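> Everything in the sequence shown is counted per the numbering used here, starting at 18 for the first residue and increasing by one.
Glycine included, each C-beta is placed from N, C-alpha and C at the ideal position.
All values derive from a computational prediction rather than experimental measurement.
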Amino acid sequence: MHTTGNLVADTICRTAEIGLTITDAADAGLFTAIDAAPVAVDDQCPGCKHPGVLRDHVTRQLADLPVVGFPTRLHVRVPRFTCANDACGRKIFQASLAHVLTTGRN
Ligand SMILES: [Zn+2]
Numbered sequence: 018m019h020t021t022g023n024l025v026a027d028t029i030c031r032t033a034e035i036g037l038t039i040t041d042a043a044d045a046g047l048f049t050a051i052d053a054a055p056v057a058v059d060d061q062c063p064g065c066k067h068p069g070v071l072r073d074h075v076t077r078q079l080a081d082l083p084v085v086g087f088p089t090r091l092h093v094r095v096p097r098f099t100c101a102n103d104a105c106g107r108k109i110f111q112a113s114l115a116h117v118l119t120t121g122r123n
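Structural data, given as structure tokens:
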């Protein structure tokens with residue numbers, strides 16, 4: 018299990034088990050909004066296996082499930098990279114959440 022800066026929240030929401038850490042949370046009225054980010058990121062281009070250059074981030078909504086009795090939306094900030102290998106056909110790629118979710122389980 019990964020240790021994070023927000024161990025209580027990660028323990029309650031069990032985000033550490035899936036390789037994420039909570040970065041923010043808010044009461045959004047009808048639901049609780051939780052922002053999270055991967056603890057470890059794989060920057061390797063899936064096309065050529067070279068490391069990518071950080072380009073920006075996108076937000077993915079992974080789940081809409083009850084936490085402590087309230088509907089909860091988990092928003093994960095995922096980095097996107099640019100492949101700097103001119104010989105590679107892939108120019109932009111995002112860190113794989115499947116990899117994060119797989120390697121986060123222990
Ligand atoms: Zn590449």
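How big is the Cα-Cα spacing for P55 and L37?
Your numbering for residue 55 matches position 38 in the sequence shown. Your numbering for residue 37 matches position 20 in the sequence shown. If you draw a straight line from the Cα of P55 to the Cα of L37, it is about 4 Å long.
> Quick check on the burial criterion: 16 or more other C-beta atoms within 10 angstroms. Buried or exposed for T20?
Numbered from 1 along the sequence shown, position 3 holds the residue referred to as residue 20. Residue placement at T20 is poorly supported in this model, since its pLDDT is 43, which falls under 50; the coordinates still yield a value, given next. Exposed, because fewer than 16 other Cβ atoms sit within 10 Å of the Cβ of T20.
> Check each residue's C-beta against every heavy atom of ligand 1 and list, in chain order, those closer than 5 Å.
Result: C62, G64, C65, C100, N102, C105 and R107.
> Could you pull out every residue in the same chain whose Cβ sits closer than 8 Å to the Cβ of T28, ignoring the five residues on either side in sequence?
Residue numbering aside, residue 28 sits at position 11 when the sequence shown is read from its first letter. The answer is none, since no qualifying residue turns up.
> Using three-state DSSP, classify G47 as helix, strand or coil.
Numbered from its first residue, the sequence shown carries residue 47 at position 30. First, the residue type needs correcting, since residue 47 is Leu and not Gly in the sequence shown. Collapsing the DSSP output to three states places L47 in coil.
> List the whole-angstrom C-beta distance separating V70 from A101, where the pair is believed to meet the contact cut-off of C-beta under 8 Å.
Reading the sequence shown from its first residue, position 53 is the one you call residue 70. Reading the sequence shown from its first residue, position 84 is the one you call residue 101. With 8 Å as the limit, V70 and A101 qualify as a contact, their Cβ atoms being about 5 Å apart.
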